[in-house]
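Single-structure report; data block below.
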Amino acid sequence: MKIGEIREMTAEEIQEKLRSLREELFNMRFQHGIGQLENPKKMFHARKDIARLETVMSQLTLENKQA
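Using the numbering used here, read the sequence shown as starting at 15 and increasing by one per residue.
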């Protein structure tokens, strides 16, 4: 997920995407623990996407507070 795509999303869409990615990461951790995860790089990408989404959310809240 690219930062440009995230910036075009509404706050509600970002929250929903965060929820789904966190759930997906949770499931991947279990799969990794028992050796069923096919591609461990997916965990890396999910964590990066979560960080990007949280960064944009914090920027949005700061902009709203200043306005």
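For each residue, glycine too, the CB sits at the ideal point set by N, CA and C.
Range of the contiguous alpha helix (DSSP H) that encloses residue i
i, result
"Lys56", "55–80"
"Ile28", "25–47"
"Glu19", "17–21"
Cβ shell of residue i (< 7 Å), same chain only, five flanking positions each side left out
i, result
"Val70", "Ile20, Arg21, Ile28"
"Ala81", "none"
Euclidean distance between Cα positions of residue i and residue j
i, j, result
"Lys56", "Glu77", "32 Å"
"Phe44", "Leu74", "32 Å"
"Glu30", "Leu51", "24 Å"
Neighbourhood of residue i by C-beta distance below 8 Å, restricted to the same chain and skipping five residues each side
i, result
"Pro54", "His46"
Residue i beta carbon near the ligand SAM (any heavy atom closer than 7 Å)
i, result
"Ser72", "Inclusion of the ligand SAM in the displayed structure is not the case, the ligand content being empty and no account of it being possible."
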